[in-house]
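Numbering of the sequence shown is given in this note's numbering, commencing with residue 1 and proceeding in unit increments. Even glycine gets a Cβ: it sits at the ideal position worked out from N, Cα and C. Below you'll find the structure, written out as structure tokens, and then a few comments.
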Amino acid sequence: MKLTVLILLVSNGLASAESAHLLEKGDHKIGLFQPLQWGYSENIELSTHPISMFTMPNFSLKIKYEKYGITSRHRFVYPTPLMRIFQKKGMFGLITPVADVGEVPHIFVFQNELFKSISLDK
1 MKLTVLILLV
11 SNGLASAESA
21 HLLEKGDHKI
31 GLFQPLQWGY
41 SENIELSTHP
51 ISMFTMPNFS
61 LKIKYEKYGI
71 TSRHRFVYPT
81 PLMRIFQKKG
91 MFGLITPVAD
101 VGEVPHIFVF
111 QNELFKSISL
121 DK
């Protein structure tokens with residue numbers, strides 16, 4: 001029973017970040033394992049994961065298109081610093097630093113998504 005309640009609480013938080021609905025202008029939301037979200041305007045929401053910002057810079061922009069009833073999300077992540085932390089010899093080295101692998105190259109991740117949310121209570 002406790003596990004079910006915990007799963008429902010966590011999944012509810014995850015689902016709210018994955019919807020087409022934006023925060024109101026000036027509102028913000030933050031959670032322990034959730035991104036910091038900020039309603040920049042009526043049609044734009046900005047977000048980032050502040051804890052991982054120093055080892056894996058990231059940024060997300062959500063734009064609402066009223067005319068089409070959809071929302072797009074555009075993310076940028078730069079995981080190179082984190083990958084280089086894990087690249088070492090011996091224990092806790094997840095990525096080998098041997099010559100044939102070399103240093104972790106610069107990695108830029110771009111992700112684009114479209115959302116459409118429909119309310120069931122209407």
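Problem set entry | Three-state secondary structure (DSSP) of L114 | Locating residue 114 in the sequence shown gives position 114, where the first residue counts as 1. In the structure shown, L114 sits in a strand (DSSP, three-state: E or B).
Exercise. If you draw a straight line from the alpha carbon of E42 to that of P105, how long is it in whole angstroms?
Worked result: Here residue 42 corresponds to residue number 42 of the sequence shown, with the count starting at 1. Here residue 105 corresponds to residue number 105 of the sequence shown, with the count starting at 1. Taken atom to atom, the span from the alpha-carbon of E42 to that of P105 is near 38 Å.
For this session: Give the DSSP bridge partners of G39, in chain order.
Result: In the sequence shown, residue 39 corresponds to position 39, counting from 1. Bridge partners of G39: E45.
Exercise. What are the uninterrupted segments assigned as alpha helix (DSSP H) that are 4 or more residues long and contained completely in the region 52-117, given in chain order?
Worked result: Counting only runs of 4 or more, we get 80-85.
Exercise. In this structure, does DSSP put H21 in helix, strand or coil?
Worked result: Residue 21 sits at position 21 when you count from the first residue of the sequence shown. DSSP places H21 in coil when its eight states are reduced to three.
For this session: For H49, I'd like the list of residues in its chain whose CB is within less than 6 Å of its CB, leaving aside the five on either flank, ordered along the chain.
Result: For the purposes of this step, residue 49 is taken as residue 49 along the sequence shown, with counting starting at 1. Shown here for H49: same chain residues with a beta carbon closer than 6 Å to its own, the five before and five after excluded, namely P35, N58 in chain order.
For this session: Return yes when the C-beta of N112 is under 7 Å from any heavy atom of the ligand HEM, and no when it is not.
Result: The ligand HEM is not part of the structure shown, which contains no ligands of any sort.
Exercise. Alpha carbon to alpha carbon, what distance is there between L32 and L94?
Worked result: If you number the sequence shown from 1, residue 94 lands on position 94. If you number the sequence shown from 1, residue 32 lands on position 32. When rounded, the distance between both Cα atoms is 25 Å.
Exercise. So which of L82, G90, G102 has the shortest CA-CA distance to T55?
Worked result: If you number the sequence shown from 1, residue 55 lands on position 55. When only C-alpha atoms are compared, the closest one is L82.
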